[in-house]
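Chains as they are written, first to last, in our numbering: chain P, 1 to 117; chain E, 1 to 126.
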Amino acid sequence: MKIGVLVLEGPYQHQAADSAYHFVKAALGRGHQISGIFLYTDGVNNANGYIKPPGERNVAARFSELAAQGIPVIACTACARFRGFRPDMLAQNVQLGGLGALADYLREADRFVTFGD
Amino acid sequence: MEVREEEMANTIAVLMRKAPYGSVYTAEGFRSMMGIGVFELNIRVLFVDDGVYALVKGQNPAALDMKPLGDGFPTLSEFGVTQFYVHDRSLSERGLAPKDLVMDVQVVDDAGAARILESCGIVLPF
């Protein structure tokens, strides 16, 4: 099954980004495909490559890890601008993109799962 | 009515749940529809709970240094978004009626709201 994922919350404040990561790992483990992960609104902050949490899980590194496996991980360009997010801050393998990417994931997915407040 | 699976997959319910100015959700729900509506996805917008406030006439958030959101929704038809539904009990519990809204919408009861969600392959909650 092809699954699309939308993340509406940033790292650490809420569970949503962690849940999205664990959901994707579990889905891949069951042999499902992920059509893409779209980081929207505060979700773009999960793509900040400068995240360095001492002694804690690195949420940005997790999305990098998924992107390195060939899963498209796209952070909303406009949301990034609203949050002072510069392209050179992006975590490895994560890209900026527009809502067209979200539309693609919506269209391709057999199931679509949103993580947010 | 049976809905074919293929039609369902491309039918998206955008669920507007929150008051318009306390969080970014209403504004981004609106923007997302502008963004994805042009890609010929079949979108049904359902306003429930505090989400119904997004459609109330005469919003003036100037004191918050924000722009009014309500007037934008009727313009979504330019982006292919034309199916608007409002949950009746969410309106009445807030002392609102369809005449208080910025546009004509279909008012639905609990069962009607459930049918809309059931008819869509994807639900985007804002």
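Built from N, CA and C at the ideal position, the CB exists for glycine as well.
Could you name the residues of chain P that residue i contacts, counting a contact when the two beta carbons are closer than 8 angstroms?
i, result
"Phe30(E)", "What Phe30(E) touches in chain P: nothing, since even the nearest Cβ is about 12 angstroms away."
"Ile116(E)", "Near Ile116(E) there are no residues of chain P at all, since even the closest Cβ is about 16 angstroms away, more than 8 angstroms."
Given a cut-off of 8 angstroms on the beta-carbon distance, is the pair residue i and residue j in contact?
i, j, result
"Lys18(E)", "Gly51(E)", "yes"
"Phe126(E)", "Met103(E)", "no"
"Val14(E)", "Met34(E)", "no"
"Pro61(E)", "Tyr25(E)", "no"
"His22(P)", "Asp117(P)", "no"
"Phe30(E)", "Gly100(P)", "no"
Going along chain P in order, which residues have a C-beta closer than 7 angstroms to the C-beta of residue i?
i, result
"Gly72(E)", "By Cβ distance, chain P contributes nothing, its closest Cβ being about 16 angstroms from Gly72(E), past 7 angstroms."
"Ile36(E)", "Leu99, Leu102, Ala103 and Leu106"
For residue i, which of the options has the nearest alpha-carbon?
i, options, result
"Tyr105(P)", "Asp18(P), Ile34(P) and Tyr21(P)", "Ile34(P)"
"Leu46(E)", "Phe84(E), Asp100(E) and Val56(E)", "Phe84(E)"
"Tyr40(P)", "Glu28(E), Val81(E) and Lys99(E)", "Glu28(E)"
"Val94(P)", "Val59(P), Pro53(P) and Gln15(P)", "Val59(P)"
"Met1(P)", "Leu8(P), Lys25(P), Asp110(P) and Arg83(P)", "Asp110(P)"
"Val5(P)", "Cys79(P), Ala16(P) and Pro11(P)", "Ala16(P)"
"Phe79(E)", "His87(E), Pro98(E), Gly95(E) and Leu41(E)", "Leu41(E)"
"Arg107(P)", "Gly37(E), Val48(E), Ser77(E) and Val107(E)", "Gly37(E)"
"Asn46(P)", "Ala103(P), Ala26(P), Ser19(P) and Ile3(P)", "Ser19(P)"
"Gly97(P)", "Cys79(P), His32(P) and Phe63(P)", "Cys79(P)"
"Asp49(E)", "Arg31(E), Gly112(E) and Ser92(E)", "Ser92(E)"
"Arg81(P)", "Ile3(P), Asp42(P), Val7(P) and Ile37(P)", "Asp42(P)"
"Leu102(P)", "Leu28(P), Gln92(P), Arg83(P) and Thr77(P)", "Thr77(P)"
"Val56(E)", "Ala114(E), Cys120(E), Leu124(E) and Val105(E)", "Val105(E)"
Taking residue i as the query, report the chain E residues whose CB atoms sit under 8 angstroms from its CB, ordered along the chain.
i, result
"Phe23(P)", "Going along chain E, no residue has its Cβ under 8 angstroms from Phe23(P), so there is no contact; the nearest lies around 15 angstroms."
"Gly10(P)", "Ordered by position in chain E, no residue passes the 8 angstroms Cβ test against Gly10(P), which lies about 12 angstroms from the chain."
Cβ closer than 7 angstroms: which chain E residues qualify as neighbours of residue i?
i, result
"Phe112(P)", "Ile122"
Taking all protein chains shown into account, decide if residue i is buried (16 or more other Cβ within 10 angstroms of its Cβ) or exposed.
i, result
"Leu64(E)", "exposed"
"Leu117(E)", "exposed"
"Pro72(P)", "buried"
"Arg56(P)", "It should be noted that the sequence gives Glu, not Arg, for residue 56(P). Per the 10 Å Cβ criterion, exposed."
"Ala54(E)", "buried"
"Pro11(P)", "buried"
"Ser77(E)", "exposed"
"Met1(E)", "The pLDDT assigned to Met1(E) is 48, lower than 50, so where the model puts this residue is not dependable; a value taken from the coordinates is nonetheless given after this. Under this definition Met1(E) is an exposed residue."
Determine the chain E residues that contact residue i at a beta-carbon separation under 9 angstroms, and present them in chain order.
i, result
"Leu39(P)", "What Leu39(P) touches in chain E: nothing, since even the nearest Cβ is about 12 angstroms away."
"Gly116(P)", "Tyr25, Pro125 and Phe126"
Between residue i and residue j, how many whole angstroms is the CB-CB distance? I'm expecting something under 8 angstroms.
i, j, result
"Val44(P)", "Ala68(P)", "Not quite, the Cβ-Cβ distance comes to about 19 angstroms (not below 8 angstroms), so this is no contact."
"Leu90(P)", "Gly49(P)", "6 angstroms"
"Leu66(P)", "Val24(P)", "6 angstroms"
"Arg94(E)", "Asp110(E)", "Between Asp110(E) and Arg94(E) the Cβ distance is about 16 angstroms, and since that is not below 8 angstroms, they are no contact."
So which residues on chain P does residue i lean against when the C-beta distance must stay under 9 angstroms?
i, result
"Asn10(E)", "Leu106 and Arg107"
"Leu41(E)", "Ala103, Leu106 and Arg107"
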